[in-house]
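In the working numbering, the protein residues as written are 20 to 453. The C-beta atom is built at its ideal place from N, Cα and C for all residues, glycine as well. These notes concern the structure reproduced below.
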Ligand code: IMP
């Protein structure tokens, strides 16, 4: 008897490839540059989560481009997709599109995408204020309230934004509730009338109509057809709503697993899951930061690395590289490789420290504790490295000073993941492949 034929678990074609670019720390690792570099070979670049709380700066031939929502592949003229897991502020995306007119790219927005409405921004600001000392330090872009509405099933989706009558109906239902909450809970107001919102947002809907497309279907089909798909992460692993430093996190999942739920594709192997690792650590907003550096040294790294938020301009908190954090990040994401960014920012320091373990209650640990109260009590244990200065015109990894190579190789050995890309400056050409 012939063997029973079972359906293939992974109905992927062998021809194409998929790449995920994931922030391994607290965001701002330099994902934009890596996506931009690798997007050259991609057919599709897909954003699968987060919103305009993210900010990428890409430098091409000395010119800076700032994105919050557009996948970075826009500059390369790629097909850019905004998948269901994204929280989309149409005011912001319209502005971005208007700045990108010189590039010929395609844009597809999934009908299921949640729309950030004016009350989300107001609720973000008022609830942060009400939290007092326990405030999260959000970007104020309405992300939390928008995702909360998704879970509450009071959100407005992209498909409703672009259909006048449906938008009207949804506004009639949701606006009065939000107005009451703002007034009763936060003693605040809506600042904008329902009629004004309808006028502005129905016009935005009209503008965006042309971009509607089922991203879940498009990506699934593209993968089957052997196309090259890149999944562009936003934020970083420790801002993940479950596995980050809750409650000091964002409201989505920046981790690799959410590619499948955020896009709406079956679980399948992704050939390259690239963890973007900044050569030191930064974080914006509140929350524990074990290897944080305060004082002059922290200030000088902040200045050298231009560590001020792309979205809010806030100074970022700075710390040494933390291998405990990265080990957990590797476990959560399953990186197949890493890209080490901003190594040049450490230039000129006499000594560089790397946190290799934490001490908690007299014990040494090398994975992040799950409880934030434990994390607050962790003390970093450091290994010291000799400083280095990377020459401006370095063209190959082998040309890096020996001390810089020792630093890189120590990290990959400790994490047991190869570092395939080393970035030594913001420009595309300041990239060393291994
Ligand atoms: P929210 O995402 O605006 O709600 O902010 C929640 C936390 O995530 C705050 O600490 C923000 O500073 C942080 N955050 C959100 N997006 C980013 C990002 O793209 N880079 C770095 N931090 C971010």
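Distance cut-off 7 angstroms: residue i Cβ against heavy atoms of the ligand IMP
i           : result
residue 73  : yes
residue 47  : yes
residue 155 : yes
residue 304 : yes
residue 180 : no
residue 61  : no
residue 256 : no
residue 260 : no
residue 253 : yes
residue 270 : yes
residue 162 : yes
residue 274 : no
residue 456 : With the chain covering only 20 through 453, there is no way to say anything about residue 456.
residue 299 : no
residue 220 : no
residue 265 : no
Rounded C-alpha distance that separates residue i from residue j
i           : j           : result
residue 169 : residue 139 : 12 angstroms
residue 370 : residue 294 : 25 angstroms
residue 201 : residue 155 : 19 angstroms
residue 239 : residue 61  : 15 angstroms
residue 433 : residue 108 : 40 angstroms
residue 449 : residue 137 : 40 angstroms
residue 299 : residue 218 : 47 angstroms
residue 253 : residue 49  : 10 angstroms
residue 51  : residue 42  : 10 angstroms
residue 266 : residue 409 : 39 angstroms
residue 142 : residue 211 : 13 angstroms
residue 59  : residue 92  : 8 angstroms
residue 205 : residue 167 : 17 angstroms
residue 63  : residue 104 : 17 angstroms
residue 420 : residue 407 : 7 angstroms
residue 332 : residue 360 : 20 angstroms
residue 290 : residue 278 : 13 angstroms
residue 209 : residue 40  : 38 angstroms
residue 57  : residue 399 : 35 angstroms
residue 416 : residue 165 : 44 angstroms
residue 197 : residue 312 : 41 angstroms
residue 264 : residue 356 : 24 angstroms
residue 327 : residue 180 : 33 angstroms
residue 446 : residue 411 : 12 angstroms
residue 128 : residue 82  : 27 angstroms
residue 151 : residue 367 : 40 angstroms
Chain-order list of residues whose beta-carbon lies under 6 angstroms from that of residue i (same chain, five-residue window excluded)
i           : result
residue 183 : 221
residue 35  : 245, 246 and 247
residue 174 : 133 and 168
residue 194 : 213
residue 354 : 292, 294 and 436
residue 262 : 351
residue 431 : 437 and 438
Residues near residue i in its chain [Cβ-Cβ closer than 7 angstroms; skip 5 each side]
i           : result
residue 260 : 268, 269, 270, 271 and 272
residue 87  : 71, 73, 74, 111, 115 and 330
residue 94  : 55, 77, 79, 84 and 122
residue 385 : 343, 346 and 376
residue 321 : 334, 335 and 337
residue 286 : 279
Closest Cα partner of residue i within the set the options
i           : options               : result
residue 344 : 337, 326 and 310      : 310
residue 102 : 67, 76 and 135        : 67
residue 10  : 372, 394, 186 and 290 : Outside the shown range of the chain, which is 20 to 453, sits residue 10, and nothing can be said about it.
residue 418 : 402, 78, 39 and 443   : 443
residue 126 : 216, 59, 228 and 171  : 228
residue 350 : 430, 256, 401 and 373 : 256
residue 213 : 352, 189 and 424      : 189
residue 191 : 82, 206 and 215       : 215
residue 436 : 303, 346, 410 and 401 : 346
residue 388 : 308, 158, 322 and 323 : 308
residue 258 : 225, 348, 400 and 383 : 348
residue 362 : 241, 296 and 274      : 296
residue 250 : 282, 339, 312 and 135 : 282
residue 65  : 401, 306, 315 and 275 : 275
residue 413 : 431, 445, 402 and 451 : 451
residue 284 : 163, 120, 236 and 368 : 236
residue 441 : 352, 37 and 364       : 364
residue 233 : 135, 99 and 225       : 99
residue 306 : 366, 187 and 396      : 396
Beta-carbon contacts of residue i that lie in its chain and below 8 angstroms, excluding the five residues immediately before and after
i           : result
residue 404 : 370, 371, 372, 373, 422, 425, 426 and 429
residue 178 : 130, 131, 185 and 231
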